[in-house]
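To start, the structure under review is shown below, and the notes come after it.
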Amino acid sequence: MVVTKYSANGNDFVIYHTFVKEDRSDLAKLLCNRQTGVGADGLIVLIPHAKYDFEWQFYNSDASEAEMCGNGSRACAHYAFLNKLAPANMTFLTLAGVIRAEVEGDMVLSELTPPKILDENIEHNGKIWWKINTGVPHLVSFTDNIEEFDIHEARELRYKYNANVNIAFIDGENLKVRTYERGVEDETLACGTGMAACFYRALEEKKVGDNIKVFPKSGDTLYLGVNERAITFKGEVKKVFTTQFDF
214 MVVTKYSANG NDFVIYHTFV KEDRSDLAKL LCNRQTGVGA DGLIVLIPHA
264 KYDFEWQFYN SDASEAEMCG NGSRACAHYA FLNKLAPANM TFLTLAGVIR
314 AEVEGDMVLS ELTPPKILDE NIEHNGKIWW KINTGVPHLV SFTDNIEEFD
364 IHEARELRYK YNANVNIAFI DGENLKVRTY ERGVEDETLA CGTGMAACFY
414 RALEEKKVGD NIKVFPKSGD TLYLGVNERA ITFKGEVKKV FTTQFDF
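What follows is the structure in C-alpha cells.
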C-alpha cells in the first residue's frame with residue numbers, strides 16, 4: 214500500500230485514501246510504530262462521502278480511535294488537495310462533526326468544531342483546571358513557567374478525567390502551550406485541539422484577544438482566532454515523504 218507521512222508542527226501522521234470504511238485499528242498500530250513501521254502520532258484514512266468532500270477515520274498510535282485532531286485536520290486537508298480529492302476550500306466529516314478547511318500553498322486553515330466548557334472548577338495540586346471539548350476533551354491550566362511540565366501529574370489527570378492535559382503560559386498577547394495526549398500517552402510536540410482549548414479559556418477569561426499566535430513545544434508558530442462559526446486554526450504543514458509499505 215502507498216502511504217504518505219505528514220508533519221504538522223511536530224505532530225506527525227501517516228495518511229492514505231481508499232474506498233472502503235472498516236476497522237483499521239491494527240493497521241494504525243503497525244504503521245505508527247516508530248521502530249518497525251513508518252512512525253507517527255496517528256493514522257488518517259480518507260474515504261469518499263456523498264455529502265462532503267470526504268470523511269476520515271482517525272486513529273492514535275495506540276490504535277484508539279479519536280473524534281478529532283486539529284493538526285491532523287490541516288495535514289489531511291493538504292493531502293486531499295494535493296491528491297485531487299477535494300478543492301482548496303473543502304468540508305469533511307469527522308466523528309466530532311464537519312470540519313471546514315482552506316489550503317493555500319503549505320499553509321492550511323481549519324475551522325474546528327464549536328468549543329464546549331465541561332467544567333470550570335477542577336482543583337488538583339493547588340491548580341484550577343478547566344475541562345473544555347474542542348473536538349476532544351482537554352484539561353487546561355495556566356502556569357508561570359512553561360518549562361516545568363509534570364508528566365506524572367499529567368498522566369494522573371489524563372486517566373482521572375479521560376482528557377488530554379495542557380499547560381499554557383500567557384506570553385504578552387500570545388500563548389505558549391504544552392500538551393500530554395491521550396492515545397500517544399506522552400507529551401507531543403504540538404496538539405491543535407489542545408492549543409485551541411487553551412486559547413478558548415484565555416479568551417473567556419479575557420486574557421487574550423480574538424486573534425493570537427500560539428507556540429507549542431515544537432517552537433513553530435500557529436495562528437488561532439474566532440469567527441462567527443468557530444475557532445480557526447492556521448499553520449504550515451509539511452509533506453515528509455510518500456512510500457510503499459508492505460506487510
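Residue numbers 214 to 460, in my numbering, belong to the letters of the sequence shown in order.
Beta carbons: idealized from backbone N, C-alpha and C, even for Gly.
Keep in mind that this is a model prediction, so the values were computed, not measured.
**Message:** On the criterion of 16 or more Cβ atoms from any shown chain inside 10 Å, does Q270 qualify as buried, or is it exposed?
**Reply:** buried
**Message:** Considering only the alpha carbon of each residue, which of L308, N284, G310 and D266 lies closest to N484?
**Reply:** Outside the displayed span of the chain (214 to 460) sits residue 484, for which this structure offers no information.
**Request:** Pull up the CB-CB distance for T406 and V349, whole angstroms please, since I reckon it's below 8 Å.
**Result:** Rounded, the Cβ-Cβ distance is 5 Å, consistent with contact.
**Message:** Pull the bridge partners of K344 from the DSSP assignment, please.
**Reply:** Paired residues: D332 and L352.
**Request:** Out of K452, Y436 and K451, state which residue places its alpha-carbon closest to the alpha-carbon of T445.
**Result:** That would be Y436, whose Cα lies nearest to the Cα of T445.
**Request:** Could you please give me the residues that DSSP links to E278 through a beta bridge?
**Result:** Y272
**Item:** Sequence-distant residues of its chain with Cβ nearer than 6 Å to T455 (five each side left out)
**Value:** T217
**DSSP state of T207 mapped onto helix, strand, coil** = Nothing can be reported for residue 207, as the shown portion of the chain is limited to 214 through 460.
**Item:** Range covered by the alpha helix (DSSP H) that runs through F294
**Value:** G283 to L295
**Asked** Can you tell me whether DSSP reads R368 as helix, strand or coil?
**Response** helix
**Asked** Within 10 angstroms of its Cβ, does R287 collect 16 or more other Cβ (buried), or is it exposed?
**Response** buried
**Request:** Tell me whether A253 sits in a helix, a strand or coil according to DSSP, three-state version.
**Result:** coil
**Request:** Run the CB neighbour count on K389, radius 10 Å, all protein chains shown included, and call it buried at 16 or more, exposed below.
**Result:** buried
**Message:** Is the beta carbon of A376 closer than 8 Å to that of K344?
**Reply:** yes
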